[in-house]
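One structure is given here, and the rest of the page talks about it.
In the numbering used here, the protein residues as written are -14 to 180.
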């Protein structure tokens, strides 16, 4: 099991993350943004991670900085887990239903960040949470984890269900991709994963 601890402190936010993979099902997320807590708990649980996330910041302005900076720190943790677990499976994919909705995630822990994000949310808010901020989270995550990440909302009538399906699929796909290879062979014809 690889356990990574990272802290990020700025004038806008303070984020602490402790993430282990593979995990034992222990997940605790407290960011002061309840909807983000709910999504991250689903991500870590369904990915097979142990995680403790603590974050606070200038949410009196809005949730943007906290959501983005949390994505940065979690991405940095995933990058270190991938590096310490090499060689990993590298690729992962999952399609997850959530009531009326379904989402798919394709992921490549290749060292080259890129985000493809195609979800049309029917409602602009989930409770008081602006759903557009999820793209900022995923962009920060993919950039700092250095992964190729494709997230597609397949269909859905409820923004909460669409978002939750996406986070659960992200967890499943990440867990697949980070699983160490038993044959010890790096999954690249180049002989290395690009940084």
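Note that the Cβ used here is the ideal one computed from N, Cα and C, for glycine as well. All figures in this text were calculated on a predicted structure; none of them were measured in a lab.
- Exposure of residue -10 is indicated by the presence of fewer than 16 other C-beta atoms within 10 angstroms of its C-beta.
- With fewer than 16 other beta carbons inside 10 angstroms of its own, residue 10 counts as exposed.
- For residue 127, there is no enclosing beta strand (DSSP E); the enclosing alpha helix (DSSP H) covers residues 118 to 130.
- Measuring C-alpha to C-alpha distances from residue 5 to each of 61, 127, -4 identifies 61 as the nearest.
- Residue 87 has its alpha-carbon roughly 7 Å from the corresponding atom of residue 80.
- Scanning 148, 93, 128 for the CA closest to the CA of residue 117 turns up 148.
- In this model, residue -5 and residue 107 are separated by some 34 Å (Cα to Cα).
- In the pairwise beta carbon analysis, the stretch 124 to 135 is classified as not touching the stretch 35 to 51: fewer than three pairs are separated by under 8 Å.
- Residue -10 carries a strand assignment under DSSP once its states are collapsed to helix, strand and coil.
- Residue 6 carries a strand assignment under DSSP once its states are collapsed to helix, strand and coil.
- Contact between residue 165 and residue 73 is confirmed by a C-beta separation of about 6 Å, below the 8 Å threshold.
- Within the same chain, no Cβ atom closer than 6 Å to the Cβ of residue 19 is found once the five residues on either side in sequence are excluded.
- Residue 151 and residue 120 have their C-alpha atoms roughly 11 Å apart.
- For residue 84, there is no enclosing beta strand (DSSP E), as DSSP gives it neither H nor E.
- Residue 84 and residue 23 do not touch by the CB rule: their CB atoms are close to 15 Å apart, not below 8 Å.
- Under the three-state reduction of DSSP output, residue 98 falls in the coil class, being neither helix nor strand.
- Judged by DSSP secondary structure, residue 38 falls within the beta strand (DSSP E) whose first and last residues are 35 to 42.
- In this chain, the alpha helix (DSSP H) harbouring residue 58 covers 49 to 69.
- The three-state reading of DSSP puts residue -1 in strand, counting E and B together.
- A direct Cα-to-Cα measurement between residue 76 and residue 158 gives close to 8 Å.
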